[in-house]
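Step one of this worksheet: look at the structure below.
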Amino acid sequence: MTELNQIDLRALAKGDKRTWDGFVAAAAPLINAVVRRALASYRLSEEDVMDAGQDVFVRLCANDFRLLKTYDPARAGLSTWLAVVARSAAVDHARRRRQATQPLDEVPEANLGVEDRHIEKLKIPQGLLTERQLLILKCLYDEERDVAEVAQLLKIDAQTVRSTHHKALLRLRAHFGEETP
Amino acid sequence: MSTERMPSSDRELWQRLATGPVASAPITELDFAAWIEGRLTEREAARIEAAVAVDPEMRRAALELADILGKPLPEAPARLEVRARALVGFAVEKRFAEPVAAPPKIRAGLFDWLFAWDRSFALQRAVTITAAIVLAVSGFMMGGGLSETLAAERYVTKWQTTDPYSSNELTDFLGSDF
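These protein sequence lines are chains B and S, in that order. First residue of the first sequence: 101, per the numbering used here; consecutive thereafter. First residue of the second sequence: 9, per the numbering used here; consecutive thereafter.
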């Protein structure tokens with residue numbers, strides 16, 4: 101089977117049938133996995149999941165392969181770019197089909213909490229935290245991800261995530277006048 | 009995978025804080041993919057990270073994709089591949105194939121079709137021509153053939169060339185009464 105990185109992108113963008121078939125065989129497992137994962141919370145039928153997968157391929161070859169021609173191998177790997185496109189297409193498909201539903205125990209607690217409007221939240225001033233610090237705190241607390249997952253996302257080691265988290269909290273405590281634990 | 013969680017005091021502090029809206033330029037799929045792969049400079053990455061930090065949907069996408077891209081993938085259903093292959097057909101392939109010599113000018117019309125021996129359907133053409141000949145000959149024979157036609161022509165010519173004022177059976181009969 102042809103690997104994704106062996107696909108002749110020029111021939112693919114020209115609509116060569118043989119290259120397209122090779123591309124489909126190489127890309128289908130990735131697109132299938134991304135689409136299934138993205139649609140897991142939408143509780144769609146198998147038929148809908150198949151249609152969402154087909155939507156990705158349609159999007160790639162529509163208008164004389166316009167989307168495919170925007171891909172630049174110098175900027176990102178084909179599989180990563182395809183995964184981003186597939187997820188985006190799958191979410192669009194699901195939104196067109198129905199509203200998302202998610203079992204209660206899979207929803208992060210932070211999203212379920214009813215906000216007490218009497219307690220005004222303290223706004224983190226812009227520039228207090230770096231973008232990375234803010235992202236790490238959001239992933240750890242709002243998304244309830246563990247350190248290893250965040251490290252995997254940011255391509256850094258777990259210890260760096262921990263230290264970035266620690267420095268961010270020190271800054272926040274210093275700014276809001278809290279004592280460090 | 010570890011399930012390391014942050015201390016509850018840190019969580020409590022975080023829950024009392026809110027981030028303000030951050031205006032950011034739109035992020036393309038290619039930018040996002042480059043960021044996931046860690047290919048961007050610190051400055052470029054900061055722009056994406058700011059956007060991902062404030063957009064829960066982008067955060068979820070990033071976390072999901074980072075997880076999927078690092079794992080072996082199961083086979084896709086055959087139906088997905090079959091349907092996707094059909095999206096690009098042979099017509100497209102022909103359209104983009106190497107240019108070939110222009111085809112010879114095709115003659116049109118029934119006569120051309122019947123007598124163009126260099127083309128296909130030679131047997132059909134031969135049968136059609138034979139049937140046309142048989143029909144023409146049999147129709148001619150049923151009409152009496154050539155001899156009867158000539159006789160009829162002779163009679164008409166003779167009748168038309170007769171002087172209307174000259175004697176014939178009728179004028180003779182009428183004339184006999186006077």
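The C-beta atom is built at its ideal place from N, Cα and C for all residues, glycine as well.
Exercise. Quick one: does S:Pro85 have its CB under 9 angstroms from some CB of chain B?
Worked result: Along the second sequence, read from residue 1 onward, the residue named residue 85 of chain S stands at position 77. Interface residue, yes.
For this session: Please report how far the alpha carbon of S:Ala70 lies from the alpha carbon of S:Gly78, in whole angstroms.
Result: As a first step, residue 70 of chain S must be located in the second sequence, where it is residue number 62. As a first step, residue 78 of chain S must be located in the second sequence, where it is residue number 70. Those two C-alpha atoms are separated by around 12 angstroms.
Exercise. Is B:Ala183 near S:Ala84, with beta carbons less than 9 angstroms apart?
Worked result: Here residue 183 of chain B refers to the residue found at position 83 of the first sequence. Here residue 84 of chain S refers to the residue found at position 76 of the second sequence. No, these two residues do not count as a Cβ contact at 9 angstroms.
Exercise. Do B:Ser188 and B:Leu130 have their C-beta atoms within less than 9 angstroms of each other?
Worked result: On the first sequence, residue 188 of chain B is found 88 positions in, with the first residue counted as 1. On the first sequence, residue 130 of chain B is found 30 positions in, with the first residue counted as 1. No Cβ-Cβ contact shorter than 9 angstroms links B:Ser188 with B:Leu130.
For this session: Output the distance between the C-alpha atoms of S:Val135 and S:Gly151, rounded to the nearest integer angstrom.
Result: Numbered from 1 along the second sequence, position 127 holds the residue referred to as residue 135 of chain S. Numbered from 1 along the second sequence, position 143 holds the residue referred to as residue 151 of chain S. When rounded, the distance between both Cα atoms is 24 angstroms.
Exercise. Three or more C-beta pairs closer than 8 angstroms, one from the stretch 232-250 of chain B and one from the stretch 31-42 of chain S: is that the case here?
Worked result: no
For this session: In the DSSP assignment, find the alpha helix (DSSP H) that holds B:Leu178 and state where it starts and stops.
Result: To locate residue 178 of chain B, count along the first sequence from 1; it is residue 78. Where B:Leu178 is concerned, the enclosing alpha helix (DSSP H) stretches over 178-197.
Exercise. Taking the C-alpha atoms as reference points, what is the distance between B:Gly177 and S:Glu45?
Worked result: The sequence position of residue 177 of chain B within the first sequence is 77, counting from 1. The sequence position of residue 45 of chain S within the second sequence is 37, counting from 1. Using only the alpha carbons, I get a separation of about 8 angstroms.
For this session: Confirm, please, whether the CB-CB distance from B:Phe165 to B:Val124 is below 9 angstroms.
Result: In the first sequence, counting from the first residue as 1, residue 124 of chain B sits at position 24. In the first sequence, counting from the first residue as 1, residue 165 of chain B sits at position 65. Cβ distance not < 9 angstroms, so B:Val124 and B:Phe165 don't count as in contact.
Exercise. In terms of DSSP beta bridges, what is B:Lys223 paired with?
Worked result: Working through the first sequence from its first residue, we reach residue 223 of chain B at position 123. DSSP lists S:Ala26 as partners of B:Lys223.
For this session: Please list the residues of the stretch 169-180 of chain B that have a C-beta atom closer than 8 angstroms to any C-beta atom in chain S, keeping them in chain order.
Result: Thr170, Tyr171, Asp172, Arg175, Ala176, Gly177, Ser179, Thr180
For this session: Please list the partners that S:Ala54 has in chain B, where partner means a Cβ-to-Cβ separation under 8 angstroms.
Result: Taking the first residue of the second sequence as 1, we reach residue 54 of chain S at position 46. Contacts between S:Ala54 and chain B, judged by CB atoms closer than 8 angstroms, involve Thr230, Glu231, Arg232 in chain order.
For this session: Buried or exposed for B:Asn163, please, with buried defined as at least 16 other CB atoms from any protein chain shown within 10 angstroms of its CB.
Result: Locating residue 163 of chain B in the first sequence gives position 63, counting from the first residue. Answer is exposed; the Cβ neighbour count stays below 16.
Exercise. Just to confirm, does B:Asp172 get its C-beta within under 8 angstroms of one of the non-hydrogen atoms of the ligand GDP?
Worked result: Summarising the ligand content, the structure contains no ligands, and the ligand GDP is consequently not present.
Problem set entry | Contacting residues, own chain, Cβ-Cβ under 7 angstroms from B:Val135 (five flanking each side not counted) | Counted from its first residue, the first sequence places residue 135 of chain B at position 35. Closer than 7 angstroms at Cβ, skipping near neighbours: Val149, Ala152, Gly153, Val156, Ala186, Ala190.
For this session: Alpha carbon to alpha carbon, how far is B:Arg175 from B:Trp181? Give it in angstroms, no decimals.
Result: Here residue 181 of chain B corresponds to residue number 81 of the first sequence, with the count starting at 1. Here residue 175 of chain B corresponds to residue number 75 of the first sequence, with the count starting at 1. Those two C-alpha atoms are separated by around 9 angstroms.
Problem set entry | Proximal chain B residues relative to S:Ala41, where beta-carbon distance stays under 7 angstroms | In the second sequence, residue 41 of chain S corresponds to position 33, counting from 1. Under the 7 angstroms cutoff, chain B gives Ala176, Thr180, Trp181, Val184.
For this session: Would you tell me roughly how many angstroms separate the C-alpha atoms of B:Leu272 and S:Ile56, rounded to the nearest one?
Result: As a working mapping, residue 272 of chain B is identified with position 172 in the first sequence. As a working mapping, residue 56 of chain S is identified with position 48 in the second sequence. Using only the alpha carbons, I get a separation of about 22 angstroms.
For this session: Kindly indicate which residue of B:His275, B:Arg110, B:Trp120 has the alpha-carbon position closest to the one of B:Thr102.
Result: Residue 102 of chain B sits at position 2 when you count from the first residue of the first sequence. Ranking B:His275, B:Arg110, B:Trp120 by Cα distance to B:Thr102 puts B:Trp120 first.
Exercise. Nearest CA to the CA of S:Ala92: which residue from B:Leu160, B:Arg195, B:Leu168?
Worked result: Here residue 92 of chain S refers to the residue found at position 84 of the second sequence. Ranked by Cα distance from S:Ala92, the first of B:Leu160, B:Arg195, B:Leu168 is B:Leu160.
Exercise. Would the beta-carbon of B:Arg195 fall within 9 angstroms of that of B:Leu144?
Worked result: Taking the first residue of the first sequence as position 1, residue 195 of chain B is located at position 95. Taking the first residue of the first sequence as position 1, residue 144 of chain B is located at position 44. No, the Cβ-Cβ distance between B:Arg195 and B:Leu144 is not below 9 angstroms.
Exercise. Per DSSP, what kind of secondary structure is S:Val96 in: helix, strand or coil?
Worked result: Translated into positions along the second sequence, residue 96 of chain S becomes position 88. Correct three-state label for S:Val96: coil.
For this session: Quick one: give me the first and last residue of the alpha helix (DSSP H) that S:Ser146 is part of.
Result: For the purposes of this step, residue 146 of chain S is taken as residue 138 along the second sequence, with counting starting at 1. It spans 130-150 - the alpha helix (DSSP H) in which S:Ser146 sits, taken as one unbroken run.
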